[in-house]
Structure formats: structure tokens, C-alpha cells
Amino acid sequence: MNAVKALCAGESGKGVVIQGNMAFAVGCVRAGIHAADGYPGTPSTEVIDKGLSQVQDMITVGWSVNEAVAAGVGFGHTLAGSDCVVTMKIPGLFQAADVITSAAFYTGQRGSLVYYIASDYTPSSTQHLVDPRYVLKSCCVPVFEPRNHQEMHEAARIAADLGRRFNTPVAVIASGVLCHSEGLVRLMGTTVREKAPLPEKMSDFITLPNRARMFHDQVRTTRIPALRRMVEDSPLNAWTKGDGSIGIITHGVNTLFVEEVKSATGKNIDVLSLGFTYPLPMDLIRRFCESVTGPVFVVEDGYRFIQESILAEGIAVEGKGQDETVTEWSPALIAARLGLPVRAGKPGAASLPRPPMICAGCPYRLFGQIVGKMRSKGKLEAVFGDIGCNTLLHFLNAMDTALAMGASEAKRLGYVLSRPEAASKCLAVLGDGTECHSGMDATRNTIFRNVPGVKVILNNNWTAMTGGQPSPTSPANLAGDPNVFDLNASLKAHGAHVVEVSGYDKKALEKALKKALADAEAGTFTTLVVTGVCIRKMP
36 MNAVKALCAG ESGKGVVIQG NMAFAVGCVR AGIHAADGYP GTPSTEVIDK
86 GLSQVQDMIT VGWSVNEAVA AGVGFGHTLA GSDCVVTMKI PGLFQAADVI
136 TSAAFYTGQR GSLVYYIASD YTPSSTQHLV DPRYVLKSCC VPVFEPRNHQ
186 EMHEAARIAA DLGRRFNTPV AVIASGVLCH SEGLVRLMGT TVREKAPLPE
236 KMSDFITLPN RARMFHDQVR TTRIPALRRM VEDSPLNAWT KGDGSIGIIT
286 HGVNTLFVEE VKSATGKNID VLSLGFTYPL PMDLIRRFCE SVTGPVFVVE
336 DGYRFIQESI LAEGIAVEGK GQDETVTEWS PALIAARLGL PVRAGKPGAA
386 SLPRPPMICA GCPYRLFGQI VGKMRSKGKL EAVFGDIGCN TLLHFLNAMD
436 TALAMGASEA KRLGYVLSRP EAASKCLAVL GDGTECHSGM DATRNTIFRN
486 VPGVKVILNN NWTAMTGGQP SPTSPANLAG DPNVFDLNAS LKAHGAHVVE
536 VSGYDKKALE KALKKALADA EAGTFTTLVV TGVCIRKMP
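Sequential numbering of the sequence shown, starting at 36, is according to the numbering used here.
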């Protein structure tokens with residue numbers, strides 16, 4: 036029995052110290068969740084990668100090619116009566132927005148659909164700092180934010196039960212701090228969940244404008260009022276009374292930080308910690324604010340979602356300024372905001388700045404050195420990059436831009452459409468995982484638009500940046516089934532001119548790149564596939 040299975044089958048109440056993502060994964064199995072799907076994205080990846088992948092005889096689980104597909108797979112599971120978790124990071128929510136926004140308003144009977152969305156408000160590994168709660172509110176999707184590792188462990192059960200009770204998708208927004216830290220968890224009891232009955236009429240789930248209006252109105256007038264009543268009395272709200280001089284309304288992991296501030300300063304602060312950040316328990320919040328004689332501060336990650344919602348109800352609270360840049364709190368920042376003295380700790384030894392680098396022996400490295408050399412000689416004016424290990428080519432002077440998953444070729448196309456003379460002086464670069472995620476749409480678009488140029492796909496056979504998860508180019512999928520997808524054949528079927536070359540053959544790689552650029556000047560669009568297995572996957 037592997038370690039994850041031992042946790043899933045362990046005695047109820049047993050204390051274990053585990054990572055937040057693992058706590059959630061084990062909680063999924065112990066709560067009887069039937070299925071999980073997702074796309075790798077730090078800091079959410081370990082839920083499937085290190086957790087649920089190890090217990091595939093206890094839950095149906097797999098990686099999909101992108102978050103939108105994963106969300107669609109999740110919705111399909113619910114139509115079959117299963118309760119399903121779909122994992123992603125915040126940018127994945129927006130990639131899957133078409134599915135998520137549409138699925139939010141279906142009111143037919145089905146299994147629970149839980150979105151596990153890992154936040155990264157530092158950011159440590161994310162390209163933006165957008166607060167997803169605004170979108171989820173507009174979709175009428177309730178949001179639960181775990182405060183500690185125990186709630187991470189119980190989150191799937193809480194969300195799935197809520198989904199069944201109110202017939203709604205539920206979002207669990209998990210702080211990256213909790214996802215990647217370890218904490219004490221008491222294993223909850225195990226549950227066998229019965230599948231929901233199949234819909235009486237599967238055609239109830241067709242998206243048509245007249246039905247969209249009907250579903251929207253039902254959700255607004257029935258589901259949301261019921262959810263508001265539920266959150267007012269939810270035991271997940273925690274009101275800690277103090278001396279009434281200062282009040283804090285907070286959520287998620289910030290609850291732990293506020294407790295640390297109270298302990299460090301000795302200040303007896305009134306605290307209202309919210310379990311759900313949408314809908315908000317406004318009656319409870321009003322009573323809390325009325326009980327505090329001094330100022331009430333809102334301490335929240337992201338932007339000002341809670342603060343703005345409270346102010347809109349005419350309740351006086353303080354918090355972030357409109358143009359303030361704090362997106363993630365720490366105990367020191369909270370204490371400073373409250374004007375409370377804290378003991379200064381001893382600063383540690385300063386670490387030398389060291390940019391992230393491509394691994395030694397990586398098949399991408401030689402390509403980066405060749406491109407960097409060409410740039411230094413003025414032969415390339417722009418290299419349009421993507422999300423993944425290829426982004427690190429920037430530190431080899433071989434990458435200029437990184438915008439979003441799959442956007443490299445679309446950027447190159449737009450640039451060349453505005454500057455046709457640049458077709459032979461710029462590159463689009465991305466990895467095989469990103470090409471299969473959303474980059475192939477841009478490949479098809481360039482072929483459709485008949486625009487010359489060079490797109491480079493660095494094919495290392497894995498989704499490498501997030502730890503080497505299987506992608507469509509890998510030898511097998513998560514279940515171990517042999518892979519039959521052929522990237523080059525797919526590109527050729529789209530009509531692409533494909534040239535394959537080894538990432539370890541310097542002469543061949545230089546020759547292929549120079550020829551592709553020369554062909555671009557003559558009007559050809561070349562897809563250059565640079566091959567070499569991820570060095571971390573080498574036997």
C-alpha cells in the first residue's frame with residue numbers, strides 16, 4: 036500500500052502532517068468524490084500529480100489537455116451522477132471561462148461540480164494578479180476559502196455537499212500558502228457517496244438563448260437567496276470577541292496571520308473570519324461591525340472584493356486603498372496597517388540574486404544558445420515566447436515576451452501582419468505541452484491566414500515546468516495507457532510544413548533554423564519541432 040492510499044484508508048481522527056494539496060486530495064477520496072480532472076498549474080498540481088494519481092483504483096482521475104476541456108469533462112461526470120473535482124490555478128479559471136460561466140446556470144439535477152482553484156497572489160509562478168471572485172460572483176458560483184490545512188482536507192466534502200444541496204457548482208479557492216505548506220490534519224471519516232440520478236431529460240442541458248434567460252432568472256431568484264440564508268448561519272463563520280477597540284473581517288489563510296498578530300502584540304482584537312466569500316453573510320457582518328466601537332478593517336488577499344461588497348451595503352469598514360498594491364498579506368503587514376508594534380526579527384543572511392535557469396542537460400538549452408547568438412548578431416528582432424520551461428530562455432537572451440498559454444504564435448502573427456518585412460526576423464517559441472493546450476489554435480490560425488514565418492515547438496514529451504506530468508506527446512497518459520497521439524502528424528494534418536530536428540544536434544539545429552527563416556522570407560510558414568526528452572525524465 037502506497038503512502039497516499041494509506042492516508043485515504045487511515046483511521047478517522049488520526050493526526051498527520053501533510054501538504055495542503057495532499058490534504059485536499061486525501062479529503063476527496065475520504066469524502067467519496069467519484070472523479071477528478073484538471074490541468075497542471077502551480078500551485079494546484081500536486082492534488083492530482085502527487086495525490087490522486089496514486090489511488091486510481093479509488094477515484095476516476097486524469098489530466099486533460101487544458102482547463103476548458105477539464106471543466107467540460109467534469110461537467111460530463113456530473114451529468115452521469117458523479118461528484119467531480121476539477122483542479123487548476125487562477126489563470127486556468129479564465130481559460131475555462133466559457134465552460135464555467137455556462138455550467139453555472141444549469142439547474143437540472145446532477146452530481147456536484149467542484150472547482151479547486153489555487154491562488155498565487157505573490158505571485159511566485161503566475162503571470163498576473165487577477166482576483167477571480169469577481170468573475171465567480173457574476174456567475175453566481177459560491178466561493179469557499181479554506182483557512183487552514185484541516186479545512187483544506189474537508190473542503191471537497193463541504194463543497195460537494197453544498198453542490199448537491201443547492202444544485203450548484205462550487206469554487207474552492209485555496210491559498211498558495213496552504214497548498215505548498217504542511218500542517219496538522221485530523222483525518223476525517225470516510226463516506227460512500229451515492230451517485231445522483233441521471234437527468235430525466237438530458238435535453239434540459241442544451242444552451243439556447245431562451246433557456247439561458249430562464250436558467251439565469253431561476254438562479255438569481257431561487258438559488259442565490261437560499262445560499263445567502265445558508266451562509267448567515269454557517270458554522271464555517273468564526274466570530275472571536277475581543278475588547279471592541281479594533282475589529283478585523285478576514286478570510287482564508289489570513290485568519291492564521293491575524294491570530295499571529297494577536298499573539299505577537301497582545302492586542303485583544305475582535306475577529307470575524309468568513310468561510311464563504313460569496314455570497315457574504317451581510318447580516319452577520321453588520322452585527323459584527325455594530326459590536327465594535329473602534330475601526331473595522333478588512334484583511335483580504337486579491338483586490339477588494341469583500342471590502343467593496345460591505346461598503347456597497349452602507350457598512351463602514353476600512354481596508355485597502357483603491358490603488359493599493361497589496362495582494363497578499365503577512366503578519367507584519369497586518370500589524371503595520373493596524374498601527375500595532377511588533378518585535379523586529381533578526382534578518383537572515385541576504386541570498387545572492389539568482390534568476391531561474393533551464394536545467395543542465397535540458398534539450399532547450401542548445402536552442403537558446405543558438406538563438407541568443409543570432410540575436411547578438413542582429414539576425415532576429417523579436418522572439419515571442421510562451422508559458423512553461425521555454426520562458427526561461429529569457430535568461431539566455433533568447434526570449435522577449437511571455438503573455439499567456441498558447442499566445443506565442445498569435446503574437447508573432449499580429450506582429451508580422453503589421454510588419455510583413457519582419458517575417459524572417461522573428462520567432463514564436465513554445466513547448467509541446469503548451470502547443471497541445473492552446474497553441475495549436477494559433478498554428479491553425481496562421482495556416483488559415485496564410486502568413487509566413489517560423490514557429491518553434493520545443494518537444495520534450497512532458498508538461499515539464501510543473502513537474503513532468505503526462506501530456507498528449509508523452510509515451511502514456513496518467514492511467515498508463517499507451518499514447519497514440521502524434522504531434523507531427525496532427526500539425527501536418529492542419530497543413531503545416533513540419534521540420535523535425537534534434538535539440539542536441541548543434542549543426543542540424545542551426546541549419547534548420549536558418550533555412551526556416553530564409554523560407555519565411557520567401558513566403559513559407561515553417562513549424563520547427565525541436566526534439567529531446569526532458570532531462571528529468573531520462574532513465
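Note that beta-carbon positions come from the ideal geometry of N, C-alpha and C, so glycine has one too.
Computed from a prediction, not measured in an experiment: that's the story for all the values here.
The alpha carbon of residue 452 has as its nearest neighbour, out of 207, 485, 127 and 42, the alpha carbon of 485.
Inclusion of residue 318 and residue 363 in the CB contact set at 8 Å is not warranted, their separation being larger than that value. When DSSP states are grouped into helix, strand and coil, residue 566 belongs to the strand group. Listed in chain order, the alpha helix (DSSP H) elements of length 4 or more contained wholly in the stretch 521-566 are 522-529 and 541-556. The alpha carbon of residue 322 has as its nearest neighbour, out of 333, 335, 307 and 332, the alpha carbon of 307. Per DSSP, the beta bridge partners of residue 517 are 511.
Collapsing the DSSP output to three states places residue 118 in coil. Judged by their CB atoms, residue 500 and residue 424 are nearer to each other than the 8 Å cut-off. Shown here, residue 217 sits in a strand according to DSSP, grouped into three states. Beyond the five residues adjoining it in sequence on each side, residue 170 comes within less than 6 Å, by CB distance, of no other residue in the same chain.
Here the alpha carbons of residue 121 and residue 107 stand approximately 9 Å from one another. Beta-bridge partners of residue 209 (DSSP): 153. A residue is called buried when at least 16 other Cβ atoms come within 10 angstroms of its Cβ; residue 250 meets this threshold and is buried. Positions of the alpha helix (DSSP H) runs, each at least 4 residues long and wholly inside the stretch 396-452, are given as 398-411 in order along the chain. A straight-line Cα-Cα distance of about 19 Å links residue 382 and residue 389.
DSSP places residue 394 in the coil class of the three-state scheme, outside both helix and strand. When 564, 258, 372 and 490 are compared, the shortest CA-CA separation from residue 398 is found for 564. Closest by C-alpha distance to residue 366, out of 551, 335, 356 and 345, is 335. Annotation for residue 199: 147 place their beta carbon closer than 6 Å to its own, counting only its chain and skipping 5 residues before and after. Counting the other Cβ atoms within 10 Å of the Cβ of residue 411 gives fewer than 16, which makes it exposed. Rounded to whole angstroms, residue 190 and residue 68 show a C-alpha spacing of 11 Å.
Nearest to residue 416 by alpha-carbon distance, out of 139, 552 and 330, is 552. The secondary-structure analysis by DSSP pairs residue 54 across a beta bridge with 217. Nearest Cα to residue 47 within the set 270, 103, 549 and 226: 226.
The beta-carbon separation of residue 560 and residue 487, rounded to 5 Å, stays under the 8 Å limit for a contact.
Residue 97: member of the beta strand (DSSP E) spanning 95-98, first to last residue. Of the residues assessed, residue 112 falls on the buried side of the cut-off, its CB having 16 or more other CB atoms within 10 angstroms. A straight-line Cα-Cα distance of about 18 Å links residue 438 and residue 132. Taken through DSSP and simplified to helix, strand or coil, residue 169 comes out as helix. Residue range 305-309 is occupied by the beta strand (DSSP E) that includes residue 308. In the DSSP assignment, the residues bridged to residue 123 are 152. The C-alpha of residue 537 is placed about 8 Å away from the C-alpha of residue 543. Residue environment for residue 522: buried (at least 16 other C-beta atoms within 10 angstroms of its C-beta).
The Cβ neighbour count for residue 572, taken over all protein chains shown within 10 Å, is under 16; the residue is labelled exposed. Taking C-beta separations shorter than 7 Å and ignoring five residues to either side along the sequence, the partners of residue 185 in its chain run 220 and 221, following chain order. Taking C-beta atoms as the reference points, residue 76 and residue 109 fail to come closer than 8 Å.
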